[in-house]
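Asker:
In my numbering, the protein residues as written are 10 to 949.
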């Protein structure tokens with residue numbers, strides 16, 4: 010077969026690029042409505058007036074997120090933008106689950122991030138104080154210019170730049186404390202002993218003798234960090250003239266987690282310089298970077314499951330006084346270790362760091378008065394590396410009054426990894442802008458190449474009991490694979506590499522006639538090395554139209570309508586955002602052995618079969634709606650209906666060897682509503698209200714084969730079901746007697762007794778079989794909503810953000826019992842069935858079989874919740890009060906994040922992210938803590 014090779018011109022440059030957006034401080038939500046519709050927003054490869062656009066773009070100013078206690082700026086967008094779903098984990102340094110307008114792929118769901126023009130996998134390296142604005146792009150008209158990177162939406166981040174005028178120094182500093190009160194309801198020691206012995210009796214066994222285990226330990230309290238501290242400090246220096254504008258900033262973020270010894274810290278810096286060489290020639294360069302120390306990944310899972318009948322420490326006088334206690338040997342010690350011993354024994358034994366640099370540059374030249382050429386160059390380099398140490402220490406066994414190695418581990422060990430990501434992106438842009446008569450035209454032509462490379466290495470080595478040097482010491486000096494203390498026979502090493510190349514040609518036209526009729530059109534021709542050689546290039550496009558009807562003469566008498574625009578768009582977007590590479594070639598991995606000349610050699614077997622006809626994943630998307638302002642521009646309203654349908658999904662078929670294929674369609678559709686009211690009672694008192702609501706319904710239209718059913722944990726991927734739908738049996742109640750069992754459909758999935766679940770015979774065949782499983786929940790909410798209230802009076806101000814979801818289900822993945830180890834119980838188990846009529850929902854205590862642990866509606870929880878997301882109260886000092894201190898502005902404030910959440914989930918938080926095919930699973934979770942901060946913002 011003849012293979013085509015994607016080859017594009019490539020240059021290496023290390024500079025900086027930034028949009029020409031005038032940086033200015035705008036008071037929160039006090040800009041006039043006229044300014045809002047005339048405001049300039051950042052779009053792909055340029056800027057435009059929001060009034061001239063036909064798509065759905067929401068701009069969030071940096072002032073709304075700069076002073077929030079979040080290490081990742083995207084977390085502060087929760088509840089502020091219709092159609093944008095954000096699930097925060099609450100763990101320091103973690104990534105949020107971000108989705109725009111539902112899930113329409115089985116691969117990665119994250120939107121594209123564009124930071125000052127360069128594509129990024131996330132924006133956790135950015136200092137929120139450096140952000141000027143964030144634009145959320147949602148429809149095809151806005152996204153087609155990004156081609157294969159636009160299918161999941163986009164978030165464009167514009168950072169602050171230097172300003173003309175005298176030198177200014179801005180200092181921001183805040184300190185806060187964390188707490189959490191939403192905790193899973195689990196049994197205490199007495200309740201556990203009652204339920205466990207009842208389980209044994211129901212199995213015909215003797216009760217367990219708890220004489221050595223009469224404690225009442227709350228393991229969550231034992232490992233939780235009390236009053237974790239969070240610090241944020243930033244300094245920005247800016248100055249400039251007509252010829253040169255420069256800015257420098259430095260930021261420091263330090264945050265303790267909700268678990269002991271969990272800590273995340275990050276330093277960021279940013280420098281940029283914009284130069285005006287002549288009236289026609291401009292250039293700029295700069296550098297953004299970050300250095301982060303990442304926390305050791307922890308969870309509360311062991312604290313939820315550990316039996317509460319043993320104290321954390323052995324306090325019995327004797328040789329083993331002060332040792333950590335083992336859990337009872339019969340009660341799951343092999344599966345769950347003492348949670349506090351695990352935390353204390355492994356404190357500071359994982360050293361993970363992350364370094365990121367983003368140098369880039371631009372040159373801009375006005376060829377003619379209306380024609381500008383711009384050349385941009387970007388580099389994104391990231392290096393994540395770390396070393397971990399597994400210590401050996403003893404733990405006390407109460408049953409034998411002896412000690413044994415913790416978790417049975419007798420050998421120390423080391424693990425080490427390093428992952429490098431390198432991206433080089435360059436684009437050449439030609440922009441034409443002109444107004445002639447009633448015609449306003451902006452046209453863009455561009456060429457872009459992107460080269461990405463990922464390399465990863467990892468390995469491990471164990472210590473040796475026979476080594477004359479002894480075990481590997483608990484000292485970072487020796488935490489390397491080639492340590493002299495390691496047993497070379499146990500040393501392992503792995504490596505991986507991924508290379509991708511992309512070349513693109515694109516264009517866009519923004520046309521406005523008489524400020525009433527708008528037409529936006531975009532086209533992109535993308536080529537990618539990811540796909541099969543014969544299908545690497547494809548076209549993506551969009552067209553959008555808008556009609557500002559309020560400018561018509563017949564609307565002059567409708568005085569309460571100040572602005573009304575009807576809009577709609579349609580487009581075809583692409584997606585190559587999959588975690589695989591080299592689709593067009595067979596991939597071999599080690600497997601089996603071969604004999605040659607009587608000798609045995611390692612062999613390789615095919616993991617993936619060559620795929621010669623793999624095509625792009627396409628998203629067909631359309632929307633229509635309106636934007637309006639009423640009542641002297643005090644009220645703004647916007648409503649949109651959207652429909653997104655993905656075709657030719659990129660699938661991996663689990664054959665032998667596996668193969669990639671295009672198959673399947675997924676659809677998401679819904680409505681978005683946004684409203685705002687801004688008013689002034691008098692010259693001293695102003696107030697505002699902004700609200701948004703989004704409905705989303707997803708549906709798997711087709712898969713590879715009509716009757717395909719793919720399982721992802723408790724979720725199913727099948728035609729006719731929502732994305733990520735939970736799948737299992739419908740519980741109709743409990744069998745109350747043997748007569749009840751005999752009169753019900755016979756079970757073929759396990760023996761039953763009174764007190765067990767009564768599953769519904771869905772297909773009506775008179776038996777309970779696996780065919781009676783059905784969709785039992787949808788993790789996508791019927792609607793999400795958010796609103797913001799704010800007011801200011803003579804310098805005093807208050808702002809409050811609220812967020813909620815309604816109509817989604819959560820699958821409870823913990824506390825459902827198991828047969829291999831007695832974990833702790835949910836408190837609801839105290840309401841179990843103990844005889845006829847005692848319960849019709851909580852089954853009897855009996856874990857000898859898995860019948861009651863089948864996925865069912867018993868595990869489904871109502872995922873609806875309402876949260877007071879953020880409240881800030883503060884004071885902006887009048888200049889007359891601070892002028893003697895050489896201050897230009899001074900603000901002090903108190904902020905409380907996650908003040909209160911009302912939900913129906915037994916866990917730390919009702920929010921659960923996940924993958925495209927399985928999300929909304931409550932594994933006990935990690936707290937979204939309440940954070941109370943005090944801050945100051947001063948400008949000199």
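All residues carry an ideal CB built from backbone N, CA and C; glycine is no exception.
None of these values were measured; they are calculated from a predicted model.
1) Output yes or no for whether 8 Å exceeds the beta carbon distance between residue 908 and residue 792.
2) Should the stretch 354-373 be regarded as contacting the stretch 381-393, the criterion being three or more beta carbon pairs within less than 8 Å?
3) Does DSSP classify residue 178 as helix, strand or coil?
4) Under a Cβ-count criterion, where at least 16 other Cβ atoms within 10 Å of its own Cβ denotes burial, should residue 671 be classed as buried or exposed?
5) For residue 37 and residue 884, I'd like the C-alpha separation in whole angstroms.
6) Reducing DSSP to helix, strand and coil, say where residue 891 ends up.
7) Please classify residue 686: does DSSP put it in a helix, a strand, or coil?
8) In its own chain, which residues sit with a C-beta less than 8 Å from the C-beta of residue 414, not counting the 5 before and 5 after it?
9) For residue 83, which three-state DSSP category applies?
10) Between 107, 525 and 307, which lies nearest to residue 234 when the distance is taken from Cα to Cα?
11) When the distance is taken between beta carbons, is residue 584 closer than 8 Å to residue 626?
12) Here's a check: name, in chain order, each residue in its chain whose Cβ is nearer than 8 Å to the Cβ of residue 784, leaving out the five neighbours to either side.
13) At what residue ranges does the stretch 712-777 contain a whole run of the beta strand (DSSP E), taking only runs of 3 or more?
14) Output the residue ranges of the beta strand (DSSP E) runs that lie fully inside the stretch 476-550 and measure 3 residues or longer, sorted by chain position.
15) Rounding to the nearest angstrom, what Cα-Cα distance links residue 193 and residue 869 in this structure?
16) DSSP three-state label for residue 93, please.
17) Taking 8 Å as the limit between beta carbons, can you name the residues of its chain near residue 860, skipping five residues before and five after?
18) Can you tell which of 226, 232 and 264 has its C-alpha closest to the C-alpha of residue 242?
19) Give the single residue among 167, 814, 163 and 95 whose Cα lies nearest to the Cα of residue 137.
20) Return the Cβ separation of residue 9 and residue 211 in integer angstroms, given the expectation that the two are a contact with Cβ distance under 8 Å.
21) Would you tell me roughly how many angstroms separate the C-alpha atoms of residue 417 and residue 225, rounded to the nearest one?
22) Is there contact here, the stretch 474-482 with the stretch 418-430, by at least three beta-carbon pairs under 8 Å?
23) Counting Cβ pairs closer than 8 Å, one from the stretch 915-932 and one from the stretch 811-822, do we hit at least three?
24) Determine, using beta-carbon pairs with one atom in the stretch 904-920 and one in the stretch 137-150, whether at least three such pairs fall under 8 Å.
25) Name the DSSP bridge partner or partners of residue 435?
26) Please state the DSSP three-state secondary structure of residue 912.
27) Taking all protein chains shown into account, decide if residue 934 is buried (16 or more other Cβ within 10 angstroms of its Cβ) or exposed.
28) With H, G and I counted as helix, E and B as strand and the rest as coil, what does DSSP make of residue 581?
29) Quick one: using the 10 Å Cβ neighbour count with 16 as the cut-off for buried, is residue 747 buried or exposed?
30) Assign residue 262 to buried or exposed, taking buried as 16 or more other Cβ atoms, counted over all protein chains shown, within 10 Å of its Cβ.
31) Are the stretch 96-104 and the stretch 267-282 in contact at 8 Å, needing three or more beta carbon pairs?
32) Just the Cα atoms here: how many angstroms apart are residue 353 and residue 692?
33) Three-state secondary structure (DSSP) at residue 156?
34) Residue 690: which of 643, 658 and 164 sits nearest, CA to CA?
35) Looking at the secondary structure, which residues open and close the alpha helix (DSSP H) in which residue 232 lies?
36) What residue from 949, 694 and 841 has the CA that sits closest to residue 893's CA?
Answerer: Let's see:
1) no
2) yes
3) It is a strand residue.
4) Residue 671 should be labelled buried.
5) Confidence in residue 37 is poor, its pLDDT being 40 and thus under 50, which makes the residue's placement unreliable; the coordinate value appears in the next sentence. Rounded to the nearest angstrom, the two C-alpha atoms are 13 Å apart.
6) helix
7) In this structure, residue 686 counts as strand in the three-state DSSP scheme.
8) 401, 402, 403 and 404
9) helix
10) Among 107, 525 and 307, the Cα nearest to that of residue 234 is on 307.
11) yes
12) If you ignore the 5 residues before and after residue 784, its C-beta comes within less than 8 Å of the C-beta of 725, 730, 731, 734, 735 and 736, all in its own chain and listed in chain order.
13) 719-721, 724-726, 734-737, 740-743 and 766-768
14) 501-522 and 526-537
15) 15 Å
16) strand
17) 756, 758, 759, 760, 761, 765 and 766
18) 264
19) 167
20) No answer is possible for residue 9: it lies beyond the span of the chain, which begins at 10 and ends at 949.
21) Roughly 25 Å separates the two Cα atoms.
22) Yes, they touch.
23) Short answer: they touch.
24) Judged by Cβ distances under 8 Å, the stretch 904-920 makes no contact with the stretch 137-150, as fewer than three pairs qualify.
25) 386 and 458
26) strand
27) buried
28) It is a strand residue.
29) exposed
30) buried
31) yes
32) 58 Å
33) helix
34) 643
35) 228-232
36) 949
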